[in-house]
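S.K.:
In this note's numbering, the protein residues as written are 77 to 237.
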């Protein structure tokens, strides 16, 4: 069996001073999912460069701090990345003051990337949400709680779908 061809992506767990997380609403075929900002690592880009680019484009955040690798996620299936067998997401903690998320991409460009809204969420809001939209990963609230209470892990924590 040939090795899987995975698209490498980076995502930012952007937490403000109130421990709210910044999430992007992605309207995908058949479902809507709130996910951390980020995207694919382009050829020749480091994870740091890719994350800086994605944060600037999607939410307008420019940062120069260290990347604290907190989670890793492996999703297998053709629906996760075109022309790939799945995606490998590396998540990094970015601490910042709250800000109004307005990225360099236009609303039309964001929509082309399936992003239809961006907002701050409290962990309790995620836990108590009962609407039809999903959160990615599915255990986002629990993973955030652990990150906030226990701090940055020594090794990235493997998270599920």
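Backbone N, C-alpha and C fix where the C-beta goes; we use that ideal spot for every residue, glycine too. If you're wondering where the values come from, they're calculated on a predicted model, not measured in any experiment.
Pairing CB atoms from the stretch 213-232 with CB atoms from the stretch 136-152, are three or more of them under 8 Å?
M.R.: Yes: the two stretches touch, three or more of their Cβ pairs being nearer than 8 Å.
S.K.: Around the C-beta of residue 173, are 16 or more other C-beta atoms found within 10 angstroms, so that it is buried, or is it exposed?
M.R.: As a working note, residue 173 is residue 97 in the chain shown. Classification of residue 173: exposed, given that the 10 Å Cβ count is below 16.
S.K.: Any C-beta of chain B sitting closer than 7 Å to the C-beta of residue 129?
M.R.: Within the model displayed, chain B is absent; a lone protein chain is all it includes.
S.K.: Which whole-angstrom value is the C-beta distance of residue 126 and residue 97, which I expect to be below 8 Å?
M.R.: To locate residue 126, count along the chain shown from 1; it is residue 50. To locate residue 97, count along the chain shown from 1; it is residue 21. Actually they do not touch by this definition, with Cβ atoms about 20 Å apart.
S.K.: Would you call residue 128 buried or exposed, if buried means 16 or more other Cβ atoms sit within 10 Å of its Cβ?
M.R.: Here residue 128 refers to the residue found at position 52 when the chain shown is read from its first residue. Residue 128 is buried by the Cβ-count criterion.
S.K.: Who pairs with residue 219 in a beta bridge, going by DSSP?
M.R.: The residue labelled residue 219 in the question sits at position 143 within the chain shown. Looking at the DSSP assignment, residue 219 forms no beta bridge with any residue, so it has no partner.
S.K.: If we count the other Cβ atoms within 10 Å of its Cβ and call it buried at 16 or more, is residue 165 buried or exposed?
M.R.: On the chain shown, position 89 is the one that residue 165 refers to. Buried, because 16 or more other Cβ atoms sit within 10 Å of the Cβ of residue 165.
S.K.: With a threshold of 8 Å, are at least 3 pairs of Cβ atoms found where one atom belongs to the stretch 101-111 and the other to the stretch 192-212?
M.R.: These segments touch.
S.K.: Among the candidates 116, 158, 169 and 177, whose CA atom is the shortest distance from the CA of residue 137?
M.R.: Working through the chain shown from its first residue, we reach residue 137 at position 61. It is 177.
S.K.: Taking 8 Å as the limit between beta carbons, can you name the residues of its chain near residue 232, skipping five residues before and five after?
M.R.: On the chain shown, residue 232 is found 156 positions in, with the first residue counted as 1. So the qualifying residues of the chain are 145, 146, 147, 148, 166 and 167.
S.K.: Tell me which same chain residues have a C-beta within less than 8 Å of the C-beta of residue 80, skipping the five on either side of it?
M.R.: Counting from 1 along the chain shown, the entry for residue 80 is found at position 4. Closer than 8 Å at Cβ, skipping near neighbours: 152, 161 and 162.
S.K.: With 16 other CB atoms within 10 Å as the buried threshold, where does residue 211 fall?
M.R.: What you label residue 211 is simply residue 135 of the chain shown in a count that begins at 1. Answer is buried; the Cβ neighbour count reaches 16.
S.K.: Give the C-beta separation of residue 219 and residue 194 to the nearest angstrom, bearing in mind that I take them to be a contact with Cβ-Cβ under 8 Å.
M.R.: By one-based count along the chain shown, residue 219 stands at place 143. By one-based count along the chain shown, residue 194 stands at place 118. 20 Å between Cβ atoms; not a contact.
S.K.: Counting only runs of 3+ residues fully inside the stretch 82-167, write out the beta strand (DSSP E) ranges in chain order.
M.R.: Fully enclosed beta strand (DSSP E) runs of 3 or longer: 82-91, 97-104, 107-111, 114-116 and 144-152.
S.K.: Which residue marks the beginning of the alpha helix (DSSP H) containing residue 233, and which one marks its end?
M.R.: Indexing the chain shown from 1 puts residue 233 at position 157. Premise fails: residue 233 lies in the beta strand (DSSP E), 233-235, not in any alpha helix (DSSP H).
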